[in-house]
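Residue numbers for the sequence shown follow our numbering, beginning at 8 and rising by one.
The beta carbon of each residue, even a glycine, is placed where N, CA and C say it ideally should be.
To start, the structure itself, in structure tokens.
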Amino acid sequence: MSTSPRRYHITTFGCQMNKADSERMAGILENMGFEWSENPNEANLILYNTCTIRDNAEQKVYSYLGRQAKRKHEEPELTLIVAGCVAQQEGEALLRRVPEIDLVMGPQHANRLQDLLEQVFDGNQVVATEPIQIVEDITKPRRDSKVTAWVNVIYGCNERCTYCVVPNVRGVEQSRTPEAIRAEMENLGRQGYKEVTLLGQNIDAYGRDLPGVTPEGRHQNTLTDLLYYVKDVPGIARIRFATSHPRYFTERLIRACAELPKVCEHFHIPFQSGDNEVLKAMARGYTHEKYRRIIDTIRRYVPDASISADAIVGFPGETETQFENTLRLVEDIGFDQLNTAAYSPRPGTPAALWENQVSEEVKSSRLQRLNHLVAVKAASRSQRYLGRIEEVLVEDQNPKDPTQVMGRTRGNRLTFFPGNIAELKSQLVQVKITEVRPFSLTGKIVNLFDLDILNSEYSA
Ligand code: SAH
Ligand code: SF4
Ligand code: F3S
Numbered sequence: 008m009s010t011s012p013r014r015y016h017i018t019t020f021g022c023q024m025n026k027a028d029s030e031r032m033a034g035i036l037e038n039m040g041f042e043w044s045e046n047p048n049e050a051n052l053i054l055y056n057t058c059t060i061r062d063n064a065e066q067k068v069y070s071y072l073g074r075q076a077k078r079k080h081e082e083p084e085l086t087l088i089v090a091g092c093v094a095q096q097e098g099e100a101l102l103r104r105v106p107e108i109d110l111v112m113g114p115q116h117a118n119r120l121q122d123l124l125e126q127v128f129d130g131n132q133v134v135a136t137e138p139i140q141i142v143e144d145i146t147k148p149r150r151d152s153k154v155t156a157w158v159n160v161i162y163g164c165n166e167r168c169t170y171c172v173v174p175n176v177r178g179v180e181q182s183r184t185p186e187a188i189r190a191e192m193e194n195l196g197r198q199g200y201k202e203v204t205l206l207g208q209n210i211d212a213y214g215r216d217l218p219g220v221t222p223e224g225r226h227q228n229t230l231t232d233l234l235y236y237v238k239d240v241p242g243i244a245r246i247r248f249a250t251s252h253p254r255y256f257t258e259r260l261i262r263a264c265a266e267l268p269k270v271c272e273h274f275h276i277p278f279q280s281g282d283n284e285v286l287k288a289m290a291r292g293y294t295h296e297k298y299r300r301i302i303d304t305i306r307r308y309v310p311d312a313s314i315s316a317d318a319i320v321g322f323p324g325e326t327e328t329q330f331e332n333t334l335r336l337v338e339d340i341g342f343d344q345l346n347t348a349a350y351s352p353r354p355g356t357p358a359a360l361w362e363n364q365v366s367e368e369v370k371s372s373r374l375q376r377l378n379h380l381v382a383v384k385a386a387s388r389s390q391r392y393l394g395r396i397e398e399v400l401v402e403d404q405n406p407k408d409p410t411q412v413m414g415r416t417r418g419n420r421l422t423f424f425p426g427n428i429a430e431l432k433s434q435l436v437q438v439k440i441t442e443v444r445p446f447s448l449t450g451k452i453v454n455l456f457d458l459d460i461l462n463s464e465y466s467a
């Protein structure tokens, strides 16, 4: 190995799961003596943590990779790592496509980065994509934020949605124990973190693979039980969780959210399509009626809850009428936010082989129509905030205006207001909302929240 300073750069694509994995891998690298380099061209270890959910996500990885592979011809000391979902999907084929790569590692191997790198430094080209039991991480992640943190609760996915690569690349469900999750949260609380987002592809499926049944025969390691178990972690003022699957969403879970003061009033529950035939072809396991009932129940218990979701347009065979059923659902429910995407055929998934593919023109026109409706509905949902006082957790300076700070409401609306970040960072403040936009708010500070309660929890 060279004696030049060891500097690393990580580029992360894809979802929150990947962001959390990147933070852990960064922690491992720093533990090994690497220093972060903001500029990838000054780093001698480059790690791409990749996403393959849609074709454009995958193509982006290849274009980044191509540039660094070229650089390696002038700087043979450069270490190139491809981690994450493209790594898992392509495996050895990646080495044939880009022979400059030193290490290909699937998402289940994130915690093994040090081991794998040592093999690379011994002169090997390494591929780690075999399914494994994920090891509890012992290394401290290098978290991007000092205020909010991700905590994994369940890895993998046992569903088989006919469009989706995730089960192929993330493996079967593996839940962490409630004890390990609570211990991580307590640690975060001691370090001054205020908000935790519990993470899983289908977080409401949490615990199915853990033992534990009550005398009445009910499984006692559900997400609801977990929320009760972590409800009072000292220092942590807010708890969020994502992503929920309509198939596993229960009234008991909604009641827990209504009852537990730290659990935020925000639900992210993808519906994918508003048409029952399409939902069936997607193998989602629910109808639009069931989805609507879930939302009705949420609004009964938590009237002001904010609701977001994901949807796909142009799934194979989707007719104009079926697409209009998606529009109708969006019109009726009025989401606070909706992530929309045109269907993208993915290798190794059933729907990619079907002959009834929808043309690109139709997909992109449906996407535009849906996005337009989403913006209109989100704008009207934002109106309810005008003039209200909202609790905001201050995360950072507004990058576009240094006289302002920014944070999120409990309902997850991004909110800006005048203030000094040095004073306000990590504080819960009350903000009067003076201006609303479809996906963000502006206001002015009312007063500092009483943090004594949190402080007294500490000393207790
Ligand atoms: N587990 C979550 C979703 C994880 S993937 C759930 O089941 O709801 C994130 C989102 O990507 C999905 O909700 C879906 O809307 C989108 N997506 C997944 N595969 C896709 C594909 N082949 N084409 C377009 N969008 C896709
Ligand atoms: Fe993909 Fe379906 Fe699993 Fe979500 S539930 S990750 S969409 S297979
Ligand atoms: Fe992408 Fe993998 Fe997440 S495919 S969306 S990074 S699980």
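Reduced DSSP secondary structure (H/G/I, E/B, other) of residue i
i: P425; result: strand
i: F330; result: helix
i: S315; result: strand
i: M8; result: Since pLDDT at M8 reaches only 48, below the 50 mark, its modelled position is unreliable, and the value read off the structure follows with that caveat. M8 falls in the coil class under three-state DSSP.
i: I53; result: strand
i: Y162; result: strand
i: E397; result: strand
i: N228; result: coil
i: Q23; result: helix
i: N283; result: helix
i: S182; result: strand
i: F342; result: coil
i: V172; result: coil
i: I85; result: The sequence shown places Leu at residue 85, not Ile. Of the three classes helix, strand and coil, the one that applies to L85 here is coil, per DSSP.
i: K269; result: coil
i: L435; result: strand
i: R13; result: coil
i: I301; result: helix
i: V337; result: helix
i: G73; result: helix
i: E325; result: coil
i: I60; result: coil
i: D459; result: Note on D459: pLDDT 47, under 50, position unreliable in the model; the coordinate value appears next. D459: helix per DSSP, three-state reduction.
i: S447; result: strand
i: R415; result: strand
i: I246; result: strand
i: L205; result: strand
i: I188; result: helix
i: E258; result: helix
i: A290; result: coil
Alpha-carbon to alpha-carbon, residue j and residue i
i: G72; j: I53; result: Gly is not the amino acid found at residue 72; the sequence shown has Leu there. The alpha-carbon atoms of L72 and I53 are separated by roughly 9 Å.
i: E325; j: R373; result: 11 Å
i: V142; j: V127; result: 21 Å
i: Q95; j: E362; result: 27 Å
i: D311; j: L120; result: 43 Å
i: K297; j: A288; result: 17 Å
i: R14; j: P47; result: 9 Å
i: T204; j: F248; result: 5 Å
i: P354; j: I60; result: 10 Å
i: A6; j: F342; result: Lying outside 8 to 467, the shown extent of the chain, residue 6 is not represented and no answer is given.
i: R391; j: V337; result: 18 Å
i: E284; j: H295; result: 10 Å
i: E97; j: D339; result: 41 Å
i: G414; j: E402; result: 5 Å
i: N209; j: F256; result: 10 Å
i: I17; j: Y235; result: 35 Å
i: E166; j: Y213; result: 13 Å
i: N332; j: V436; result: 41 Å
i: I319; j: H252; result: 15 Å
i: G418; j: P222; result: 36 Å
i: A190; j: G219; result: 19 Å
i: I305; j: G40; result: 48 Å
Inter-residue CB distance, residue i and residue j (contact presumed, cutoff 8 Å)
i: G281; j: V240; result: Contact flag wrong, Cβ pair sits at about 38 Å.
i: G163; j: C92; result: With 8 Å as the limit, G163 and C92 do not qualify as a contact, their Cβ atoms being about 12 Å apart.
i: E397; j: I452; result: Not really, about 11 Å apart at Cβ, beyond 8 Å.
i: F330; j: A358; result: Contact flag wrong, Cβ pair sits at about 16 Å.
i: E37; j: P12; result: Going by Cβ atoms, the distance from E37 to P12 rounds to 13 Å, so no, they are not a contact pair.
i: G292; j: R259; result: With a Cβ gap of about 19 Å, G292 and R259 do not count as contacting.
i: L110; j: L101; result: Incorrect: roughly 10 Å between the Cβ atoms, too far for contact.
i: L206; j: N175; result: Wrong, their Cβ atoms sit about 19 Å apart, outside the cutoff.
i: F446; j: A385; result: 6 Å
i: N56; j: T19; result: 5 Å
i: V309; j: C264; result: 6 Å
Pocket of the ligand SF4 defined by Cβ to heavy atom distance under 6 Å: C164, E166, C168, C171, V173, P174, Q208, N209, H252
3-residue-minimum beta strand (DSSP E) runs that sit fully inside the region 99-166, ordered along the chain: 110-112, 133-135, 155-159
Complete runs of the beta strand (DSSP E) confined to the region 361-413 [at least 3 residues]: 396-405
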